[in-house]
Amino acid sequence: MTFLDYAPAPESQAVLHLRPDYGLFINGDFVPGRGVPFQTINPATEKPIAMIAHANTADVDTAVAAARRAYDRTWSKLSGSDRGKYLFRIARLVQERARELAVAETLDNGKPIKESRDVDVPLVAAWFFYYAGWADKLDHAGVGPTPSSRGVAAQVIPWNFPLLMLAWKIAPALAAGNTVVLKPAETTSLTALLFAEILQQADLPAGVVNIVTGGRETGQALVGHPDVNLVAFTGSTGAGRAIARSVAGTDKKVILELGGKAANIVFDDAPIDQAVEGIVNGIFFNQGHVCCAGSRLLVQESIHDEVIDRLKQRLSTLRLGDPLDKNTDIGAINSADQLRRIRELTAIGEQEGGERWSPACVLPDSGFWFAPTIFTNVSTSHRIAREEVFGPVLSVLTFRTPAEAIAKANNTPYGLSAGIWTEKGSRILAVADKLRAGVIWANTFNRFDPASPFGGYKESGYGREGGRHGLASYLKPAAGRSAARTVATAPAESSPELDAKAPVSRKKAAK
Amino acid sequence: MTRLAVPKTYKLYIGGKFPRSESGRVYEIRSHGGGFLANAAQASRKDARDAVVAARSALGGWAGATAYNRGQVLYRIAELLEGRRVQFIDEIVQTEGVTPNAASAQVDEAIDRWVWYAGWADKYVQVAGNANPVSGPYFNISVPEPTGVVAIIAPQSGGSLLGLVSAVAPALVAGNTVVVVANETMPLSAVSLGEVLATSDVPGGVVNILTGSPAEMAPWLASHADVNAIDLVGAGDLDWVNLQIDAAETLTRVLQPENGPDAASPSLARIVAFTETKTIWHTKGLI
Chain C
1 MTFLDYAPAP
11 ESQAVLHLRP
21 DYGLFINGDF
31 VPGRGVPFQT
41 INPATEKPIA
51 MIAHANTADV
61 DTAVAAARRA
71 YDRTWSKLSG
81 SDRGKYLFRI
91 ARLVQERARE
101 LAVAETLDNG
111 KPIKESRDVD
121 VPLVAAWFFY
131 YAGWADKLDH
141 AGVGPTPSSR
151 GVAAQVIPWN
161 FPLLMLAWKI
171 APALAAGNTV
181 VLKPAETTSL
191 TALLFAEILQ
201 QADLPAGVVN
211 IVTGGRETGQ
221 ALVGHPDVNL
231 VAFTGSTGAG
241 RAIARSVAGT
251 DKKVILELGG
261 KAANIVFDDA
271 PIDQAVEGIV
281 NGIFFNQGHV
291 CCAGSRLLVQ
301 ESIHDEVIDR
311 LKQRLSTLRL
321 GDPLDKNTDI
331 GAINSADQLR
341 RIRELTAIGE
351 QEGGERWSPA
361 CVLPDSGFWF
371 APTIFTNVST
381 SHRIAREEVF
391 GPVLSVLTFR
401 TPAEAIAKAN
411 NTPYGLSAGI
421 WTEKGSRILA
431 VADKLRAGVI
441 WANTFNRFDP
451 ASPFGGYKES
461 GYGREGGRHG
471 LASYLKPAAG
481 RSAARTVATA
491 PAESSPELDA
501 KAPVSRKKAA
511 K
Chain W
1 MTRLAVPKTY
11 KLYIGGKFPR
21 SESGRVYEIR
31 SHGGGFLANA
41 AQASRKDARD
51 AVVAARSALG
61 GWAGATAYNR
71 GQVLYRIAEL
81 LEGRRVQFID
91 EIVQTEGVTP
101 NAASAQVDEA
111 IDRWVWYAGW
121 ADKYVQVAGN
131 ANPVSGPYFN
141 ISVPEPTGVV
151 AIIAPQSGGS
161 LLGLVSAVAP
171 ALVAGNTVVV
181 VANETMPLSA
191 VSLGEVLATS
201 DVPGGVVNIL
211 TGSPAEMAPW
221 LASHADVNAI
231 DLVGAGDLDW
241 VNLQIDAAET
251 LTRVLQPENG
261 PDAASPSLAR
271 IVAFTETKTI
281 WHTKGLI
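Same order as they appear, the protein sequences are chains C and W.
full-length UniProt numbering numbers the first residue of the first sequence as 1 and each following residue consecutively.
full-length UniProt numbering numbers the first residue of the second sequence as 1 and each following residue consecutively.
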């Protein structure tokens, strides 16, 4: 070890008091599931953490019935300010137990502790704090005066930001007056169950939030349940498509946050040091398990070599290893399945002619690991430039003119996010106007905030989460007001005066 | 001796031109009383696809026009419709069998609807978008943008002109381009509206009007990968659940059928339904 190396600095697990097994959280209590329980493991070591209950269809029925009862008898009758107070309580409890939640998240998900500690968990608290304040101000949410809640929300979340995605879903749903049945991802149920304990500490009325753990079929049973009024899903475009099909003909409101293949565009006048940091943050944050990851680097031809050299230098300084180590930059891949998919797509990337590079990097013996990887010499038709890898893999393409950059950036069925790096303000505005993506970061990347709407164009889904727009998704205009009925887009979510109506036609004197 | 009238050939309106159906098919349009009125073009799936191509080509220009300009163009439609009231009243009386007064009221309402929506073009962004107070050195703003190419199955009952205008106008406000399937049995005012649009500074391809069978064309439009949103407002009598399932393949945004006299009633929600919210984070430098 030289004096430049880092000594191990593992975060203590002493703060964590896990049970050996966890039940489903239904109607305010933990209850056994009727399916076969499954193990949740630490992806960095493959060691078991706890047993998790498996909800079958009957369990999902019970959970939806509990949510319906809580909606009818309790939550829909509560004042907005009281709903808000519960959410404030939850925000505070998350802050109080922040370290414990961060350690649990890192154990279960494999992400570096510095991310779960400094990004995920603080944002969870911020999300509840933000939406808590909305609960008694719904008249200003953008769907007209005295909007109503929708009822029971079925929410299915992914494994990449387990607790944060839970917060994105539950906070606005409760603020708007809905009750919730949430299904965490199969490989990352742990923090949702710790969150259930927080709900007990907050004394949230029974049944307002129910958490059913399990696999894909649990999620399908929940989403397809006839007694849910709203479906909110974050995950793959394939699964989102199936949900869009399954709700056809119903009046279920749907919010879909799906895949992405974001372009991160670096112009020749960009601040290179910041851009390199932004590229790294864009694709290697959370091992690239980010739907809005900047997985396609579009770099102007004249600075390609310089940017790639600097990028390689920077990647060589990233530390991959024990996610609980406070100095770790790159943690574990969340599951064996995901690792297999990343390996498969990167192998195809090589076969198709991409030049593969990774820094010298020792991968731990056990657990699921993948070294940060960049592909240069990639063209737009390569699969690694089209398909979502959902891993620490960057595809580098070049362009000569802004028009070419925009055309390449938009050349994807996705439209979730994009990045622009240039010192020229007018260029930022012009390019941002032309990119078909729901979130655009100019001279930054992967920023999230509860006040900021997030969501995609095209096949990246519809609806927005975050901000006023995200609240409006969970509301409907007061009865009797005719707003365009929509299943899919997010219309409902956007304006303070959605009920604005044209004057009813007057009969004119014949001319 | 009375003068022999010169009847009009009713054709499609695609890309700013008035083609016949590529299929060569026509279908008879009869008056409310049953008499022959016209042979309308019976558009095929290829016509529908051509219309989508025209709408896609026109999108950049229309979405990129200033909001003020779009508002003026939409207002210009009202002006020209006003000047052709008599023609529209006559067609409505013949096809719908209503009284001249009722037809006149329908035309008036259609004109006023263009005026109402025209006024929104340079305002809806202010109402539907906003700045976001994020916790960091960023200027963050959310703005609605047009969704893209919108396919519409126009209302098949109620006033044939008013139903069409009520569905088409809100989609145009934000800068979307439109492919609309007109009222099947009463398409004459739709074709005539195409003639108004063609002379109203509306760029060719921004609105494309198809006459014929909604049941035949709707599946092709719903499953078309280059259609970004489909408004099924007038598809209540079709197998619309399957249309919604088809649309899911490319996550096409769907508005479900509406029935009754309030179908497609004017609202800001109808404008916003065809928009996507874009949120932009601008880094604020440290000075």
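For glycine and all other residues, C-beta sits at the position ideal for the given N, C-alpha and C.
Since the model is a prediction, treat every value here as computed from it, not as a measurement.
Residue i burial status per 10 Å Cβ neighbour count (16 or more: buried)
| i | result |
| --- | --- |
| G71 of chain W | buried |
| A509 of chain C | Bear in mind that a pLDDT of 39 at A509 of chain C, under 50, signals an unreliable position, so the model cannot answer this. |
| R83 of chain C | buried |
| H382 of chain C | buried |
| Y13 of chain W | buried |
| N183 of chain W | buried |
| K278 of chain W | buried |
| Q126 of chain W | exposed |
| E350 of chain C | exposed |
| G282 of chain C | buried |
| Q106 of chain W | buried |
| Q201 of chain C | exposed |
| K169 of chain C | buried |
| E355 of chain C | exposed |
| A270 of chain C | buried |
| G28 of chain C | buried |
| N264 of chain C | buried |
| S366 of chain C | exposed |
| N208 of chain W | buried |
| G64 of chain W | exposed |
| D108 of chain W | buried |
CA-to-CA distance, residue j to residue i, given in whole angstroms
| i | j | result |
| --- | --- | --- |
| P122 of chain C | L162 of chain W | 53 Å |
| A239 of chain C | Q155 of chain C | 13 Å |
| K252 of chain C | L174 of chain C | 17 Å |
| T380 of chain C | K408 of chain C | 7 Å |
| A437 of chain C | G415 of chain C | 4 Å |
| T346 of chain C | I384 of chain C | 7 Å |
| G466 of chain C | V254 of chain C | 15 Å |
| I406 of chain C | A432 of chain C | 9 Å |
| P100 of chain W | L471 of chain C | 48 Å |
| Q256 of chain W | Q95 of chain C | 43 Å |
| G175 of chain W | R85 of chain W | 27 Å |
| T62 of chain C | P146 of chain W | 42 Å |
| W127 of chain C | E352 of chain C | 42 Å |
| Y10 of chain W | V272 of chain W | 33 Å |
| A478 of chain C | L268 of chain W | 15 Å |
| V119 of chain C | A360 of chain C | 28 Å |
| A40 of chain W | K458 of chain C | 35 Å |
| P162 of chain C | V231 of chain C | 18 Å |
| F445 of chain C | I279 of chain C | 8 Å |
Distance between beta carbons of residue j and residue i, contact taken as under 8 Å
| i | j | result |
| --- | --- | --- |
| L182 of chain C | A192 of chain C | 7 Å |
| R34 of chain C | D59 of chain C | 5 Å |
| N443 of chain C | Q274 of chain C | 7 Å |
| T398 of chain C | K261 of chain C | Contact flag wrong, Cβ pair sits at about 17 Å. |
| T250 of chain C | L24 of chain C | T250 of chain C to L24 of chain C, Cβ: 25 Å. No contact. |
| P402 of chain C | R386 of chain C | Rounded, the Cβ-Cβ distance is 22 Å, inconsistent with contact. |
8 Å Cβ cutoff, residue i in contact with chain W
| i | result |
| --- | --- |
| I265 of chain C | no |
| Y131 of chain C | no |
| F285 of chain C | no |
| A14 of chain C | no |
| D325 of chain C | no |
Minimum Cβ-Cβ distance from residue i to chain C less than 8 Å
| i | result |
| --- | --- |
| K278 of chain W | yes |
| Y10 of chain W | no |
| Q244 of chain W | yes |
| H224 of chain W | no |
At a cut of 8 Å, does the segment 89-99 of chain W reach the segment 180-196 of chain W through at least three beta carbon pairs?
-> Touching, yes, given that three or more Cβ pairs across the two stretches are closer than 8 Å.
With contact counted as at least three CB pairs below 8 Å, one residue from each stretch, are the segment 45-61 of chain W and the segment 215-232 of chain W in contact?
-> In the pairwise beta carbon analysis, the segment 45-61 of chain W is classified as touching the segment 215-232 of chain W: at least three pairs are separated by under 8 Å.
Would you call the segment 11-24 of chain C and the segment 47-65 of chain C in contact, with 3 or more CB pairs under 8 Å?
-> These segments touch.
Assess, as a yes-or-no matter, whether the segment 125-140 of chain C is touched by the segment 306-313 of chain C under the definition of 3 or more beta carbon pairs within less than 8 Å.
-> Pairwise C-beta distances place the segment 306-313 of chain C out of contact with the segment 125-140 of chain C, as fewer than three of them are shorter than 8 Å.
Count the CB pairs spanning the segment 448-458 of chain C and the segment 76-84 of chain W that are closer than 8 Å, and state whether there are at least three.
-> With a cut-off of 8 Å, the segment 76-84 of chain W and the segment 448-458 of chain C do not count as touching, because too few Cβ pairs lie within range.
Three or more C-beta pairs closer than 8 Å, one from the segment 23-41 of chain W and one from the segment 51-71 of chain W: is that the case here?
-> The segment 23-41 of chain W makes no contact with the segment 51-71 of chain W, as fewer than three CB pairs between them are under 8 Å.
Using 8 Å as the Cβ pair cut-off and three pairs as the minimum, do the segment 95-114 of chain C and the segment 328-346 of chain C touch?
-> Between the segment 95-114 of chain C and the segment 328-346 of chain C there are three or more inter-stretch CB-CB distances shorter than 8 Å, so the stretches are counted as touching.
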